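Student: Residue numbers (UniProt numbering): 1 to 188.
Where a beta carbon is used, it is the ideal one built from N, C-alpha and C, also for glycine.
Every value quoted in this text rests on a predicted model; they were computed, and no experiment measured them.
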């Protein structure tokens, strides 16, 4: 029996706290696989902070073997240092996905909030509460970076552009169709 589940790893990028959430989605029902927040110390040099976060992201990818990765898109804000940190971590995640030949999607915060709560301007509390409900958890994931990473994964899992785990690839489908057609042809 072919499983129709999809595993998505969501990343809420940050230089101090990087949320990582892994879910399985089957028939639009998400279930929690793993959630964590990888942290770096603001007193560390930037290269060491990037290395620490990057290793945490790569370890989660290698341990949980997602079908796809979803990453929150960098958006402009007044705090340039914050934007730079998010952009640097985003680059590390993009590279990790490319190295493993995994599809990756970039989602805006508004897209994620709208998908999970139905309201693109939802606040952190609302997002956390909906993640709690959708994943049938006792409490909202904490800190907010964890809830956000799970929300990103849920939003991507629902977009249905991710290949279904265990399903035939397009090439395999074409091969099966050709074999079936060959069996239907009368012998000459």
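Can you check which of these residues, 71, 116, 107, is closest to residue 95 by C-alpha distance?
Tutor: Taking the first residue of the chain shown as 1, we reach residue 95 at position 95. Answer by Cα proximity: 71.
Student: If contact is defined by three or more beta carbon pairs under 8 Å, each pair taking one atom from either stretch, is the segment 114 to 129 in contact with the segment 99 to 106?
Tutor: Cβ pair count under 8 Å is below three, so no.
Student: When the distance is taken between beta carbons, is residue 34 closer than 8 Å to residue 60?
Tutor: One-based indexing of the chain shown puts residue 60 at position 60. One-based indexing of the chain shown puts residue 34 at position 34. Yes, the pair counts as a contact, with Cβ atoms nearer than the cut-off.
Student: Can residue 11 and residue 20 be called in contact, C-beta distance under 8 Å?
Tutor: Working through the chain shown from its first residue, we reach residue 11 at position 11. Working through the chain shown from its first residue, we reach residue 20 at position 20. Cβ distance < 8 Å, so residue 11 and residue 20 count as in contact.
Student: Taking residue 44 as the reference, which of 38, 52, 37 has the closest Cα?
Tutor: On the chain shown, position 44 is the one that residue 44 refers to. Among 38, 52, 37, the Cα nearest to that of residue 44 is on 52.
Student: When you compare the segment 123 to 134 with the segment 80 to 100, are there three or more beta-carbon pairs, one atom per stretch, that lie closer than 8 Å?
Tutor: No, they do not touch.
Student: How about residue 207 and residue 23: are their beta carbons less than 8 Å apart?
Tutor: Since the first residue shown for the chain is 1 and the last is 188, residue 207 is missing from the structure and cannot be characterised.
Student: If you compare alpha carbons, which of 102, 157, 137 is closest to residue 112?
Tutor: Numbered from its first residue, the chain shown carries residue 112 at position 112. For the residues 102, 157, 137, the minimum Cα distance to residue 112 belongs to 157.
Student: Tell me the start and end of each unbroken beta strand (DSSP E) in the segment 14 to 77 that is at least 3 residues and wholly inside, in chain order.
Tutor: Taking only runs of at least 3 residues, the beta strand (DSSP E) segments lying wholly in the segment 14 to 77 are 17 to 26, 29 to 39, 68 to 72.
Student: Using only CA atoms, which one of 143, 150, 155, 153 lies nearest to residue 17?
Tutor: Taking the chain shown and counting its residues from 1, one reaches residue 17 at position 17. Residue 143 is the option with its Cα nearest to residue 17.
Student: I'd like to know whether the C-beta atoms of residue 83 and residue 74 end up nearer to each other than 8 Å.
Tutor: For the purposes of this step, residue 83 is identified with residue 83 of the chain shown, where counting begins at 1. For the purposes of this step, residue 74 is identified with residue 74 of the chain shown, where counting begins at 1. Yes, these two residues count as a Cβ contact at 8 Å.
Student: Helix, strand or coil for residue 1 per DSSP?
Tutor: Mapped onto the chain shown, residue 1 falls at position 1. Legend: pLDDT at residue 1 = 45, less than 50; position of this residue unreliable, value from coordinates given subsequently. The answer is coil: DSSP assigns residue 1 none of H, G, I, E or B.
Student: Go ahead and label residue 42 buried or exposed: buried means 16 or more other beta carbons lie within 10 angstroms of its beta carbon, across all protein chains shown.
Tutor: Taking the chain shown and counting its residues from 1, the one referred to as residue 42 is at position 42. Exposed: under 16 other Cβ atoms inside 10 Å.
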